[in-house]
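Going by my numbering, the sequence shown opens with residue 165, and the numbers climb by one from there.
For every residue, glycine included, the Cβ atom is placed at its ideal position computed from N, Cα and C.
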Amino acid sequence: MVAPTRTLQGIVLSREESGEGSLRIRVFSSEEGLVLVYKRLASKRASGSLPDLFDEVELRLSRPRSGGDSVSFASEWRPLHRRPELARGQLRLETASALSLLYQRNGAHLAEPAPAAKLLANALDSLVAGYSPDAVHLKALYRFARVEGYPVKEDWWQSLPLEQRQAAVETLNVPLRKLVQDECATAEILESLRLWLNAETELRC
Numbered sequence: 165m166v167a168p169t170r171t172l173q174g175i176v177l178s179r180e181e182s183g184e185g186s187l188r189i190r191v192f193s194s195e196e197g198l199v200l201v202y203k204r205l206a207s208k209r210a211s212g213s214l215p216d217l218f219d220e221v222e223l224r225l226s227r228p229r230s231g232g233d234s235v236s237f238a239s240e241w242r243p244l245h246r247r248p249e250l251a252r253g254q255l256r257l258e259t260a261s262a263l264s265l266l267y268q269r270n271g272a273h274l275a276e277p278a279p280a281a282k283l284l285a286n287a288l289d290s291l292v293a294g295y296s297p298d299a300v301h302l303k304a305l306y307r308f309a310r311v312e313g314y315p316v317k318e319d320w321w322q323s324l325p326l327e328q329r330q331a332a333v334e335t336l337n338v339p340l341r342k343l344v345q346d347e348c349a350t351a352e353i354l355e356s357l358r359l360w361l362n363a364e365t366e367l368r369c
């Protein structure tokens with residue numbers, strides 16, 4: 165009997181060799197949230213044709229029927245949207261990697277993955293466009309927390325010193341293309357939000 169298949173679309177968060185002739189790939193999908201899939205490696209030469217980090221891809225998955233926990237294998241894949249620019253700047257890559265970790269650590273049990281998936285895609289595209297990595301990260305982290313229902317505006321923002329509150333309002337509300345900011349101040353606000361989320365919520369970032 166042919167194993168059942170399904171199609172999955174999402175953003176590649178991580179890829180690593182599993183040590184069993186397969187590539188372990190974590191994908192965040194607007195429909196299924198965080199999904200772990202495997203892609204069999206035919207040879208080392210094939211690695212160049214595999215999904216790359218931060219790409220949006222469509223995967224055809226097969227799931228064995230035989231007992232135990234089923235594992236999804238990608239039999240086919242095709243790129244929908246590539247983001248090679250993210251590997252061409254250290255700060256871009258570091259921020260994209262931090263966002264990837266945010267979704268890997270917190271994306272498995274989201275009640276509504278679709279808004280989070282759209283948020284991730286927009287943040288990665290903003291990095292590709294060359295906007296401030298810290299501003300992109302701050303906006304994404306703040307909005308991710310709000311989507312998950314945490315009182316970031318009522319609690320975290322209110323706890324900031326007046327000057328930082330004003331800077332945070334500007335960074336969070338002004339579109340990136342119009343934003344003029346103090347990079348050091350933005351980095352401090354970002355770190356404040358990250359620490360607050362780790363201490364006061366179930367998110368890990």
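If we count the other Cβ atoms within 10 Å of its Cβ and call it buried at 16 or more, is residue 342 buried or exposed?
Counting C-beta atoms within 10 angstroms of its own C-beta, residue 342 has fewer than 16 neighbours from the protein chains shown and is therefore classed as exposed.
CB of residue 204 within 9 Å of CB of residue 178, strictly:
Going by C-beta atoms, residue 204 is not nearer than 9 Å to residue 178.
Beta-carbon gap between residue 292 and residue 347 smaller than 9 Å
Not a contact, by the Cβ cut-off of 9 Å.
Express the C-alpha separation of residue 175 and residue 286 in angstroms, rounding to a whole number.
Spanning the two alpha carbons is a distance of roughly 12 Å.
Going by alpha carbons, who is nearest to residue 220 out of 188, 213 and 247?
Check the Cα spacing between residue 220 and each of 188, 213 and 247: the tightest is with 247.
Look up residue 176 in the DSSP assignment and say whether it is helix, strand or coil.
Note: residue 176 maps to strand in three-state DSSP.
What does DSSP give as the partner residues of residue 226 in its beta bridges?
DSSP output for residue 226 lists 169 and 237 as bridge partner(s).
Minimum C-alpha distance to residue 273 - residue among 334, 198, 296 and 351
The residue with the shortest Cα to Cα distance from residue 273 is 198.
Where the alpha helix (DSSP H) through residue 203 begins and ends:
Here residue 203 belongs to no alpha helix (DSSP H); instead the beta strand (DSSP E) covers 197 to 204.
Of the residues 183, 182, 168 and 191, which one's Cα is nearest the Cα of residue 280?
Closest by alpha carbon: 191.
Please state the DSSP three-state secondary structure of residue 218.
Reduced to three states, the DSSP call for residue 218 is coil.
Would you say the region 357 to 368 touches the region 297 to 312, given that touching needs at least three Cβ pairs under 8 Å?
Yes, the region 357 to 368 touches the region 297 to 312.
Separation of residue 335 from residue 312, as counted between CA atoms
Using only the alpha carbons, I get a separation of about 20 Å.
Taking residue 172 as the reference, give the member of 257, 193 and 295 with the closest Cα.
Nearest Cα to residue 172 within the set 257, 193 and 295: 193.
Could you check where the alpha helix (DSSP H) with residue 191 kicks off and where it finishes?
If you look at residue 191, you'll find it isn't in any alpha helix (DSSP H); it sits in the beta strand (DSSP E) that goes 186 to 193.
Just to confirm before moving on: does the CB-CB distance between residue 364 and residue 319 stay below 9 Å?
Contact: yes.
From the DSSP output, in three-state form, read off residue 368 for me.
Residue 368 carries a coil assignment under DSSP once its states are collapsed to helix, strand and coil.
Tell me the DSSP bridge mates of residue 245?
In the DSSP output, where bridge partners are listed per residue, residue 245 has 220.
Pull up the distance between the alpha-carbon of residue 330 and that of residue 344, whole angstroms please.
Distance between the alpha carbons of residue 330 and residue 344 is about 13 Å.
In this structure, what does DSSP give as the bridge partners for residue 181?
Note: residue 181 sits in a beta bridge opposite 187.
With respect to the alpha helix (DSSP H) encompassing residue 309, which residues constitute its N-terminal and C-terminal limits?
Its alpha helix (DSSP H) spans residues 297 to 311.
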